[in-house]
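Worksheet: the structure to be examined is printed underneath.
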Amino acid sequence: MAQPLVKKDDDRDDEEYSPFLGIEKGAVLQEARVFNDPQLDARRCSQVITKLLYLLNQGETFTKVEATEVFFSVTKLFQSRDIGLRRMVYLIIKELSPSADEVIIVTSSLMKDMNSRTDMYRANAIRVLCRITDGTLLTQIERYLKQAIVDKNPVVASAALVSGIHLLQTNPEIVKRWSNEVQEAIQSRAALVQFHALALLHQIRQNDRLAVSKLVTSLTKGTVRSPLAQCLLIRYTSQVIRESGVNTQTGDRPFYDYLEGCLRHKAEMVIFEAARAITELSGVTTRELTPAITVLQLFLSSSKPVLRFAAVRTLNKVAMTHPMAVTNCNIDMESLISDQNRSIATLAITTLLKTGNESSVDRLMKQITNFMSDIADEFKIVVVEAIRSLCLKFPLKYRSLMNFLSNILREEGGFEYKKAIVDSIVILIRDIPDAKESGLLHLCEFIEDCEFTYLSTQILHFLGNEGPKTSDPSKYIRYIYNRVILENATVRASAVSTLAKFGAMIDSLKPRIFILLRRCLFDNDDEVRDRATLYLNTLGGDGSVVETDKDVKEFLFGSLDIPLTNMETSLKNYNPSEEPFDIDSVPKEVKSQPLAEKKAPGKKPTGLGAPPTVPTSAADAYERLLSSIPEFASFGKLFKSSAPVELTEAETEYAVNVVKHIFDRHVVFHYNCTNTIPEQLLENVSVIVDASEAEEFSEIGSKPLKSLPYDTPGQTFVAFEKPEGVPAVGKFSNMLRFTVKEVDPSTGEAEDDGVEDEYQLEDFEVVAADYMVKVGVSNFRNAWESMGPDFERIDEYGLGPRESLAESVNTVINLLGMQPCEGTEVVPTNSRSHSCLLSGLYIGNVKVLVRLSFGIDASKEVAMKLAVRSEDENVSDTIHEIVASG
Amino acid sequence: MLLAVLIANSEGNILVERFNGVPVEERSHWRSFLVKLGAENLIGVKNEELLVACHKSVYITYTVFGDVSVYVVGKDEYDELALAEVIFVITSALKDVCGKPPTERLFLDKYGKICLCLDEIVWKGLLDNTDKDRIKRLVRLKPPTEF
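As given, the protein sequences belong to chains A and B, one line each in that order. Going by the UniProt record's numbering, 758 is the number at position 758 of the first sequence; the sequence numbering is gapless. Going by the UniProt record's numbering, 39 is the number at position 39 of the second sequence; the sequence numbering is gapless.
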């Protein structure tokens with residue numbers, strides 16, 4: 001009868017009372033004085049330590065004085081013979097982590113424990129000492145640690161081994177001396193000791209490839225008791241495999257049999273580790289993959305979520321490179337779509353999307369539809385991206401995929417999710433012509449009820465460009481004009497621009513567009529009114545319906561070839577006056593271009609966000625600029641413009657960079673100059689170029705800059721003639737010459753008289769890469785095959801000792817100035833060989849493809865094989881010459 | 001590296017946290033992230049049923065045990081499978097110390113013992129002891145039975 005009562009009490013206590021209720025640091029520190037009692041109460045002391053631990057675990061911090069005081073008192077507890085208390089003392093010393101000065105207080109006690117006859121004292125003392133030790137103390141205790149590694153008691157041995165793993169970070173040279181003992185410990189019968197010893201020995205020898213290989217060879221033949229050690233061994237084995245490569249004669253891979261054998265181990269973790277190692281082998285064949293896929297397939301139906309997750313995650317990775325190998329698991333994967341764990345379900349879906357064939361798309365989409373409603377946005381985005389790539393893979397299936405995207409577009413969701421869907425639809429419209437009309441209509445329906453201004457304006461812009469080119473453009477007008485009636489000012493303004501684009505492109509719609517635009521003249525937002533007025537005037541909305549002329553179309557659809565930052569500066573500097581703002585006065589120099597170029601390659605393909613024409617529009621802008629200068633107009637078509645090369649250090653008086661424009665028979669150096677001194681006005685600015693180290697070039701003209709006021713970029717040009725089609729190279733030294741006039745900062749007026757002055761600029765070179773335009777190919781293999789071997793040139797080169805493989809690959813890419821294809825510019829860390837695919841357009845519009853194979857040996861000597869195919873054998877030879885002389 | 005072991009009560013208050021190699025300024029971020037993860041996913045989950053998540057290269061395995069939820073975070077070699085092993089060791093040690101899936105009160109009553117167990121299980125970010133009987137003996141400074 002009494003028992004239920006007691007239990008009830010207990011339950012009530014559970015709710016109302018915590019042993020740490022109202023715990024406070026100050027009070028606990030007071031309590032810690034019991035550590036100093038001459039008659040130690042072990043139980044009480046343990047309780048106080050528990051409270052200290054609780055405080056520390058709650059994130060409470062102790063001041064240095066507080067910590068030192070507690071630390072000192074704790075050392076007194078070594079006098080107690082109570083075992084439980086001693087264990088607590090070891091823990092609290094580690095947690096308090098005192099500074100080096102105070103450590104000395106406990107070292108003697110710990111050293112004593114380290115030589116104690118009680119094994120457990122020894123083990124714990126080692127662990128604590130290693131936590132608080134420094135280099136000098138370590139040399140003193142090294143002898144004991146070495147002994148401990150081979151101690152009969154596995155706890156002592158493990159303590160010393162794991163201490164070794166930690167100490168290797170701080171005192172590698174000492175720990176490396178323990179190799180022999182560690183080697184002995186690997187043979188230990190205790191599983192954990194073996195595991196720890198293997199980990200330590202590998203860390204000690206990780207930079208010695210031969211030693212690691214020997215270690216792996218001997219252990220894979222022997223017995224490893226602990227599954228954990230077995231996992232480590234599998235990892236080390238795959239590292240050795242990566243570094244040794246396939247036996248070219250037999251086609252066998254060393255150690256594959258060992259990995260395959262591990263697939264039949266009794267511990268799940270070993271099976272899994274082996275399966276994962278096999279799937280990650282470089283250049284793995286289907287025959288090698290099959291047994292690994294089979295065990296992973298079994299894991300897919302495991303009752304443990306962790307195993308299911310691990311299996312589906314690995315299969316997902318395999319599906320990226322070997323989709324066919326994973327198809328056998330599709331049925332198991334489909335049942336995972338309904339898995340409670342949403343991470344598993346999403347991975348299953350995306351794997352299926354990668355491995356599915358054309359006929360299974362519809363069934364899959366049905367399943368996904370049910371699944372989408374109960375996952376979070378972040379998972380949905382992953383699915384949307386997978387569907388996008390699926391659609392690009394099976395363009396014939398666009399109808400059901402597009403329908404799916406439009407359905408989920410109507411459902412609830414955050415901005416990022418909606419943006420991912422819209423981007424996907426836009427990409428599909430661009431890449432699959434048949435999908436255009438339905439895609440545009442889906443987008444139109446979406447903006448009818450879209451809460452995101454950003455997406456609405458982006459879609460309206462896209463609609464303006466694509467809508468007029470469809471078979472029945474008039475059906476979009478209603479959706480667009482609805483925006484003018486229903487939306488906020490930003491969206492209304494975008495809608496007005498879109499209407500104008502329809503008007504400009506389709507004459508039959510013009511009268512009706514004019515009516516709509518005239519209604520916008522009474523809008524209560526001035527931007528909307530301004531746009532409506534502007535478009536009515538440019539399109540001739542005064543009643544006469546005439547064909548829109550080219551300039552207006554250019555104005556509506558062309559890109560603004562002026563950097564927005566420059567435009568902003570010029571507008572800020574413009575004083576309202578009778579004289580209208582002249583857009584031609586805005587400098588076209590692109591200040592931040594190098595940065596933008598650097599960022600570009602890493603970007604994922606986006607739909608609306610980044611129009612892919614950015615680089616060409618910069619080239620267009622240069623071309624237009626140069627052809628507008630009469631002296632250069634006769635040079636013909638611009639082949640390439642380089643990225644700006646800085647000719648001054650940052651933060652000097654004058655900032656100058658040069659862009660090299662390459663024509664068939666000419667080069668034009670385009671100097672962008674900025675004057676950074678407010679008290680100066682520069683006039684008659686020109687660059688004097690010394691081309692004595694560039695023999696094939698002869699100067700034929702220059703265009704000086706009249707005036708260079710403070711902080712307004714200006715440009716001057718120098719043109720050279722060179723032999724036609726020849727990739728002439730050379731070095732040019734430069735001197736900036738100008739007349740400087742003092743400016744009164746208060747009035748901004750310059751003095752009448754100026755002084756002639758010169759300013760030395762850095763040299764620059766015209767190199768072979770300047771004659772190569774980066775042009776990628778979507779499928780390198782196809783391009784290579786279709787180019788044919790007629791003008792193929794192959795040769796091998798020794799690049800000498802280099803810093804790393806990645807550095808060598810990068811240097812050659814930069815030397816040739818070509819576009820790396822299919823991500824081959826990325827060199828995996830630790831790889832000993834690498835292949836890189838490049839594509840480009842050589843001067844004279846000759847297509848060039850390059851295959852590079854690199855190998856590096858232990859002494860960092862790099863060898864390279866270069867295979868070139870091009871449309872012209874001379875060009876193939878030239879590429880080899882560039883490399884040979886580079 | 002085992003980046004963190006965190007034990008919280010059902011309201012999301014931290015009972016034990018041990019970080020390894022996580023900068024101090026990032027810890028509160030992890031704390032709230034894990035607690036939120038638990039609040040969203042652990043409702044109705046059976047004792048010791050493992051949940052798993054991954055974020056970039058970091059893996060998280062977590063579960064509920066009695067009144068407390070246990071989270072372990074790892075990266076590199078401590079992937080979801082290794083973490084499952086860690087969490088299994090922790091829950092079996094808890095079961096051993098408390099005798100059953102603990103209430104919060106029971107957990108706090110056994111706090112000192114639990115800290116000692118964790119000390120045996122995780123050592124500066126490395127998994128150390130994995131066998132509950134061995135741990136039970138080690139926290140009492142008894143040598144393991146196999147010896």
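Where is the CB? At the ideal position from N, CA and C, for every residue including glycine. Small disclaimer: the values here were computed from a predicted structure and weren't measured.
Nearest neighbour of residue 527 of chain A by Cα position, chosen from A/510, A/492, A/213, A/557, turns out to be A/492. Straight-line measurement puts the Cα of residue 253 of chain A at about 19 Å from the Cα of residue 264 of chain A. Going by beta carbons, residue 80 of chain B and residue 310 of chain A fall inside the 8 Å limit. When secondary structure is reduced to three states using DSSP, residue 469 of chain A falls in the helix class.
With a cutoff of 8 Å on beta-carbon distance, residue 164 of chain A and residue 219 of chain A are scored as not near each other. Per DSSP, reduced to three states, the secondary structure at residue 324 of chain A is helical. With distances taken between CA atoms, residue 77 of chain A lies nearest to A/35 out of A/742, A/35, A/65. In the DSSP annotation of this structure, the continuous segment of the alpha helix (DSSP H) that includes residue 215 of chain A starts and ends at 209 to 221. Approximately 21 Å separates the beta-carbon atoms of residue 732 of chain A and residue 757 of chain A; this is outside 8 Å, ruling out the contact. A straight-line Cα-Cα distance of about 27 Å links residue 150 of chain A and residue 78 of chain B. Comparing alpha-carbon positions, the option among A/457, A/121, A/791 lying closest to residue 494 of chain A turns out to be A/457.
Listed in chain order, the alpha helix (DSSP H) elements of length 4 or more contained wholly in the region 756 to 791 of chain A are 780 to 787. Taken in chain order, the unbroken stretches of beta strand (DSSP E) that lie wholly in the UniProt domain "AP complex mu/sigma subunit" (1 to 138) of chain B and span 3 residues or more are 2 to 8, 14 to 19, 51 to 55, 58 to 65, 68 to 75. By the CB criterion at 8 Å, residue 355 of chain A and residue 326 of chain A fall inside the cutoff. By the beta-carbon neighbour count (other beta carbons within 10 angstroms, threshold 16), residue 817 of chain A is buried.
Beta-bridge analysis with DSSP links residue 32 of chain A to no other residue. Rounded to the nearest whole angstrom, the CA to CA distance from residue 511 of chain A to residue 477 of chain A is 13 Å. DSSP, read as helix, strand or coil, puts residue 121 of chain A in helix. The region 498 to 561 of chain A is shown to contain whole alpha helix (DSSP H) runs of 4 or more residues at 510 to 520, 526 to 538, 550 to 557, in chain order.
A buried status is given to residue 423 of chain A, since no fewer than 16 other beta-carbon atoms sit within 10 Å of its beta-carbon.
Interface annotation, residue 135 of chain B: not in contact with chain A, CB-CB separation never under 8 Å.
At a cut-off of 8 Å between beta-carbon atoms, residue 417 of chain A makes no contact with chain B.
CA-CA distance, residue 425 of chain A to residue 444 of chain A, rounds to 12 Å. In the structure shown, the three-state DSSP call for residue 266 of chain A is coil. Following the DSSP letters along the chain, one finds residue 688 of chain A inside the beta strand (DSSP E) bounded by residues 680 to 693.
The C-beta of residue 68 of chain B comes no closer than 8 Å to any C-beta of chain A. Straight through space, the alpha carbons of residue 677 of chain A and residue 751 of chain A are spaced by roughly 15 Å. In the structure shown, the three-state DSSP call for residue 806 of chain A is helix. One finds 111, 112, 115 in chain B with Cβ atoms closer than 8 Å to the Cβ of residue 53 of chain A, taken in chain order. The C-beta distance from residue 53 of chain A to residue 80 of chain A rounds to 18 Å, too long to fall under 8 Å, and the pair is not in contact. A distance of 8 Å or more separates the beta carbons of residue 191 of chain A and residue 157 of chain A. Annotation: residue 720 of chain A to residue 692 of chain A spans about 13 Å, alpha carbon to alpha carbon. Listed by position along chain A, the residues whose Cβ is nearer than 8 Å to that of residue 51 of chain B are 305, 341. Distances from the CA of residue 105 of chain B to each of B/5, B/2, B/9 were compared; the closest alpha carbon is that of B/9. When 7 Å is used as the limit between beta carbons, residue 61 of chain B is near these residues of chain A: 306, in chain order.
Taking a Cβ-Cβ threshold of 7 Å, none of the residues of chain A is close to residue 48 of chain B; the smallest such distance is about 11 Å.
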